[in-house]
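Residue numbers (the working numbering): 1 to 283. Okay, structure first, notes after.
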Amino acid sequence: MNKIILLLGSVLLATSLYSQEINPPAGRIAVVADGNSPDPDDLGGTVVTLALLRASGLEDRLVHYSHSCDLVRVNRISEAAEKERHYMMQLACDGTARRWGGFNHLTFYDAKWQLDETIKDLSRAINASSAEDPLWIVEAGEPDIIGFALAATPTEKHQFVKVITHHPANDDAGDFYTWQQILDFEVEEVRIPDQNTNLKVDEVEWEWAMNHTDHRMQWLWLMGKMAEVDDVVRFQKNKWDCSDAGMVLYWISGANVHYGTDMGKVEDVKKILIDYLAKHPNP
Numbered sequence: 001m002n003k004i005i006l007l008l009g010s011v012l013l014a015t016s017l018y019s020q021e022i023n024p025p026a027g028r029i030a031v032v033a034d035g036n037s038p039d040p041d042d043l044g045g046t047v048v049t050l051a052l053l054r055a056s057g058l059e060d061r062l063v064h065y066s067h068s069c070d071l072v073r074v075n076r077i078s079e080a081a082e083k084e085r086h087y088m089m090q091l092a093c094d095g096t097a098r099r100w101g102g103f104n105h106l107t108f109y110d111a112k113w114q115l116d117e118t119i120k121d122l123s124r125a126i127n128a129s130s131a132e133d134p135l136w137i138v139e140a141g142e143p144d145i146i147g148f149a150l151a152a153t154p155t156e157k158h159q160f161v162k163v164i165t166h167h168p169a170n171d172d173a174g175d176f177y178t179w180q181q182i183l184d185f186e187v188e189e190v191r192i193p194d195q196n197t198n199l200k201v202d203e204v205e206w207e208w209a210m211n212h213t214d215h216r217m218q219w220l221w222l223m224g225k226m227a228e229v230d231d232v233v234r235f236q237k238n239k240w241d242c243s244d245a246g247m248v249l250y251w252i253s254g255a256n257v258h259y260g261t262d263m264g265k266v267e268d269v270k271k272i273l274i275d276y277l278a279k280h281p282n283p
């Protein structure tokens, strides 16, 4: 009898852990990333974000993805290097979507080069929001695009918008909107700890992806490596960084509704992706 009770307890514990791993709140999700700013970390963040959503079966709830939202270039990155980043970020989006599948419903917008279209697309997502179907916006870059979309939408819709943030470097980097101005739209601020703590790691912690036999996993590693070899900043050297994807991991695992994982680790990412590939082998 004791063995049976122990076995049942183990099963219930495993079920509980899994439900916490993928247990998103109600609503849809939108991501606004940069990547054209001096820090290239959004390359790794983008590919891991899309792979996590696909592996969790939540890709259809992603209703907006834009990148290169740093609208005013700073002197720390040259015009030529910034232009290169635009293409790299688009490649990260389109390449991951093609390899992992599931995103045919979505257009990946370049926020700076397609400014009007980007604002209109995010505005449509805001306008579709309700108490039963809120919009969770992941702030993976400067807040300006979010501010422009909120300004273009009815005030009564803003109560159904939640903005997830993890770093004041994003909050305070806007050229047109401050973080306080975003909050003044009366959206819900969902703040979690700095995801760089566990998701900006030494390259060796991602060798499992580099050595994986599935090209989908190798692609993720390659794009993160592209950020490491970037020659604009030095603080990414010998690092594999998908820190912004920690906000999506938090949402996938429950956000502030189901007590999501607010300090994501590489092992959390690895488990979701490895489990998915095992169940959906490369044809």
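A virtual CB, placed ideally from N, CA and C, is assigned to each residue, including glycine.
Residue pairing from DSSP places residue 67 in a beta bridge opposite 110.
For the pair residue 132 and residue 162, the CB atoms are not nearer than the 9 Å cut-off. A contact is defined here as three or more CB-CB pairs under 8 Å, and the stretch 225–237 fails this definition with respect to the stretch 174–186. Contact annotation: residue 269 and residue 199 have beta-carbon atoms nearer than 9 Å. It is roughly 20 Å from the alpha-carbon of residue 139 to the alpha-carbon of residue 88. Note on geometry: alpha-carbon atoms of residue 28 and residue 50 lie some 14 Å from one another. Boundaries of the alpha helix (DSSP H) harbouring residue 49: 42–55, taken from the DSSP string. Boundaries of the alpha helix (DSSP H) harbouring residue 266: 266–279, taken from the DSSP string.
In the structure shown, the three-state DSSP call for residue 140 is strand. If you draw a straight line from the Cα of residue 242 to the Cα of residue 141, it is about 13 Å long. For the pair residue 256 and residue 173, the Cα-to-Cα distance works out to about 25 Å.
About 14 Å separates the beta carbon of residue 116 from that of residue 68, a gap too long to meet the 8 Å contact definition.
In the three-state reduction of the DSSP assignment, residue 204 falls in the helix class, which pools H, G and I. The C-beta of residue 100 has 16 or more other C-beta atoms within 10 Å across all chains shown, which makes the residue buried.
According to DSSP, residue 30 shares a beta bridge with 64 and 137.
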